[in-house]
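Residue numbers (our numbering): 14 to 257.
A short write-up of the structure that comes next.
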């Protein structure tokens, strides 16, 4: 037997004869007109599909990156600051990258809790795993994985979204001072070893200071006077790297 859809007049008659149906905003005839349906073309995301990219100024604490802003406004942009490099970058996340970042974020949140020790500089540090390899000499290239959060736990950057560690030259002012000290050691902080995992609590004076950072077109990733939390995984000293 073939199905027959009611005509408009029949639908109106049914609604008028049933007060409960006429007064409901959730009736089938009001929310879905079967004769007006059209085929839906799904949006297909592939590994090459990208979310809108975010461009930001990656600067040190001595660089004026723009106007001051509130903490909440600064957190609207994410994944923009790297390890505080003195450079500009354009970052674009695919859905797969974003998923990988979320997984790593929750994994690091689930790391064993440890009590921070504090250096004279105010840097907080805590070793999850001391590591098994060499210490990094000043000026060499190292590969590290990291996640970076604000003091309230909000993730604002991670190397895991790129599915590869970050290569950086350590101890020569290419990153914020708290990261140099947190990896190289000094002033009561032991140097990290290859394979080590360390949590860092970086006060504003060892991060970006009183000015906002990572700004582009008036929008900034990091507010002024922000305390930053880093999870560092020292992967390796870059093969063939020399100090300079």
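Even for Gly, the Cβ is constructed at its ideal location relative to N, Cα and C.
Nearest to residue 159 by C-alpha distance, out of 184, 211 and 126, is 211. Cβ contact annotation for residue 251 (same chain, cutoff 8 Å, sequence separation greater than five): 153, 154, 155, 156 and 180, in chain order. If you ignore the 5 residues before and after residue 182, its C-beta comes within less than 6 Å of the C-beta of 154, all in its own chain and listed in chain order. Annotation: the continuous beta strand (DSSP E) that includes residue 182 extends over 179-182. Between the C-alpha atoms of residue 133 and residue 216 there is a straight-line separation of about 12 Å. In this structure, the beta-carbon distance from residue 204 to residue 197 falls below 8 Å.
The shortest C-alpha to C-alpha distance from residue 147 to any of 249, 255, 253 and 254 is the one to 249.
Inside the region 185-221, DSSP marks whole beta strand (DSSP E) runs of 3 or more residues at positions 210-215, from first to last along the chain.
Residue pairing by DSSP leaves residue 147 without any beta bridge partner.
Collapsing the DSSP output to three states places residue 129 in coil. With at least 16 other beta carbons inside 10 angstroms of its own, residue 173 counts as buried. Taking C-beta separations shorter than 7 Å and ignoring five residues to either side along the sequence, the partners of residue 178 in its chain run 156, 157, 158, 172 and 248, following chain order. Taking a C-beta distance under 8 Å as the contact criterion, residue 195 and residue 151 do not qualify as a contact pair. Note on geometry: alpha-carbon atoms of residue 233 and residue 168 lie some 15 Å from one another. As a beta-bridge residue in DSSP terms, residue 244 pairs with 160 and 212. By the Cβ neighbour-count rule, residue 224 is buried, with 16 or more other Cβ atoms within 10 Å of its own. For residue 249, the beta-bridge partners assigned by DSSP are 156. With respect to the 8 Å criterion, residue 136 and residue 241 are not classified as neighbours on the basis of their beta carbons.
Secondary structure note for residue 168: its beta strand (DSSP E) is the uninterrupted segment 168-171.
Residue environment for residue 228: buried (at least 16 other C-beta atoms within 10 angstroms of its C-beta).
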